[in-house]
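Position one of the sequence shown corresponds to residue 1085 (this note's numbering), numbered consecutively onward.
Glycine included, C-beta positions come from ideal geometry on N, C-alpha and C.
Taking it in order: structure first as structure tokens, then the write-up.
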Amino acid sequence: MFEAIQSYLPTEWQRTVEFFGTPLWWIPQWQALVLGYVVGDGSAWETLLRVVFLLPPVLVVVIAVWTSMASLYTLPFRAARTRFVTTMAYSWWDVGRSIWFFWVGVVRVLVLLAGWVWGLLKLAAQLALRALKTTIESPFVVLDWTSRRYFQPGVPWIAFLLILGWSALEGTIFTYTLQPTLTEVLSNITGFEPNPAIVTPILWILLFLLIAGSFACIEGLARAVRAKQVGQIVQMVFVEFFVMFFEVVFLYRELIDAITPWVAQQTGGEVQLGLWSTIALASFGWVGIRGMTWFLFGRYGTPALLAVLSRETISQEGAPAPAQLPAQPALVGDVIAALKQEVEWFKQEGRHVAELLSLPILQLFAVAVNFVVVIVRGEPLFRLPFQSLDDVLASTSLAVREGGAARRVSA
């Protein structure tokens, strides 16, 4: 740059200009070398680190060097040279101090980000553990609440479990006896043999509900008899007859068919069970089994089963009030409430983050501006270092000296 300017001057002036331009002559080459290193070749991460950590301080140093060398030309014309040189030296002290604060500020921001990430990970882990704990405890809480609500003192919960177990047992037995017949029927209808893994569970569930329903029908008939409701009695007898007919024909008949060869063997073939004898024996078997189970536990467990299905409390007189389901903490609601309570904390933290991000770069900018102002006014514009954003806002007025006292005049 200076060579180009020198070439336009007469030959007799070039040596003079070169002599007087000595303080500035070396700066362009040095500047190109330093900036070339900062933004030079390298990997993306190396370039990014150099730009973040070195480019702002290097720019400030370049400006300081230019203004310091240029200020040498003003020394012969200044009245308070000693004060000017002292101010310029103090400005270089501000350069070093601001660069150090800039690097420390960048490290503080990185540490703050790492702390936030760690805090968020801890919060996520706590929420996950709390949700897992709630998920694990919920079935036990519901089970405890159910047992306290439905099975008050005096309620035959053993009979309730027995009737469920008996229905499951009969369902399992009749599933074994009916599965070949059902498989054959489905094969004739569909044209291919169904998968036993699918047919068996479906058949067991249907039989379980059917057997439990037969106990419910007996309970309905018993209630009608106790209430002496003739119409209800006739209706329930009619329904119970068809329930018995269905179970006898499709379930208990299979049991009688299984013992038919044994009867023929024991009687030498003289006794052959026909249609009516098979149905009669199956009916006797159904009445005997239902009667035995009903008087043993059915009449106590069936009301409990119906109460559970209808969500009715089956506690007896004098029993304590039903227990209420423990209130579970509202996970999302607690988090939202905590966030609302911490609004003020977020405001303060946001201001703190703004200071961490702003003060390091603003101090470097203020140092660069101070060098330019010192050449013109002989004293800096900003008083460094900035302690907070309030100091930055307060530094928008111009600092002047009159009569040896410092005061601020609005710009």
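- Residue state for residue 1108 is assigned as helix, using DSSP reduced to three classes.
- A buried status is given to residue 1454, since no fewer than 16 other beta-carbon atoms sit within 10 Å of its beta-carbon.
- By the neighbour-count criterion, in which 16 or more other beta carbons inside 10 Å mark a residue as buried, residue 1211 falls on the exposed side.
- For a cut-off of 8 Å, the C-beta gap from residue 1258 to residue 1335 is around 5 Å, short enough to register as a contact.
- CA-to-CA, the gap between residue 1351 and residue 1363 works out to about 20 Å.
- Residue 1466 places its beta carbon 8 Å or farther from that of residue 1443.
- The beta-carbon separation of residue 1316 and residue 1284, rounded to 38 Å, does not stay under the 8 Å limit for a contact.
- Between residue 1370 and residue 1328, the C-beta gap is smaller than 8 Å, which places the two residues in contact.
- In this structure, the CA atom of residue 1297 is about 29 Å from the CA atom of residue 1272.
- With fewer than 16 other Cβ atoms inside 10 Å of its own Cβ, residue 1163 counts as exposed.
- About 28 Å separates the beta carbons of residue 1244 and residue 1366, which is beyond the 8 Å limit, so they are not a contact pair.
- Residue 1265 is positioned such that its CB atom lies no closer than 8 Å to that of residue 1278.
- With fewer than 16 neighbouring CB atoms inside 10 Å of its own CB, residue 1167 falls in the exposed class.
- Secondary structure of residue 1349 (DSSP, three-state): helix.
- When secondary structure is reduced to three states using DSSP, residue 1467 falls in the coil class, being assigned neither helix nor strand.
- Between the beta-carbon of residue 1108 and that of residue 1172 there is about 16 Å, and that puts the pair past the 8 Å contact cut.
- Cβ-Cβ distances below 8 Å link residue 1446 to 1470 and 1476 in the same chain, with the five nearest sequence neighbours on each side left out; the list follows chain order.
- Note that the C-beta distance between residue 1193 and residue 1441 is below 8 Å.
- Pairing residue 1115 with residue 1146 gives a Cβ-Cβ distance under 8 Å.
- Proximity to residue 1325 across 1372, 1302 and 1169 peaks at 1302, based on C-alpha coordinates.
- Between the alpha carbons of residue 1187 and residue 1221 lies a distance of about 51 Å.
- The beta carbons of residue 1385 and residue 1246 sit closer together than 8 Å.
- One alpha carbon belongs to residue 1200, the other to residue 1463, and they sit about 42 Å apart.
- Note on geometry: alpha-carbon atoms of residue 1281 and residue 1196 lie some 59 Å from one another.
- Per DSSP, the unbroken alpha helix (DSSP H) holding residue 1250 starts and ends at 1241 to 1274.
- Here the alpha carbon of residue 1157 sits roughly 42 Å from the alpha carbon of residue 1127.
- Residue 1340 is classed as buried because its beta carbon has at least 16 other beta carbons within 10 Å across all chains shown.
- Within the stretch 1109 to 1160, the complete alpha helix (DSSP H) segments at least 4 residues long are 1111 to 1122, 1128 to 1137 and 1139 to 1155, listed from N- to C-terminus.
- Residue state for residue 1462 is assigned as coil, using DSSP reduced to three classes.
- Assignment of residue 1189 by DSSP, reduced to helix, strand and coil, places it in the helix class.
- Distances from the alpha-carbon of residue 1122 to those of 1142, 1289 and 1306 put 1142 closest.
- Per DSSP, the continuous alpha helix (DSSP H) segment holding residue 1323 begins and ends at 1314 to 1331.
- Counting only the Cα atoms, residue 1250 lies some 17 Å from residue 1261.
- Under the DSSP assignment, residue 1366 falls in the alpha helix (DSSP H) whose first and last residues are 1359 to 1377.
- A direct Cα-to-Cα measurement between residue 1150 and residue 1206 gives close to 51 Å.
- DSSP, read as helix, strand or coil, puts residue 1165 in helix.
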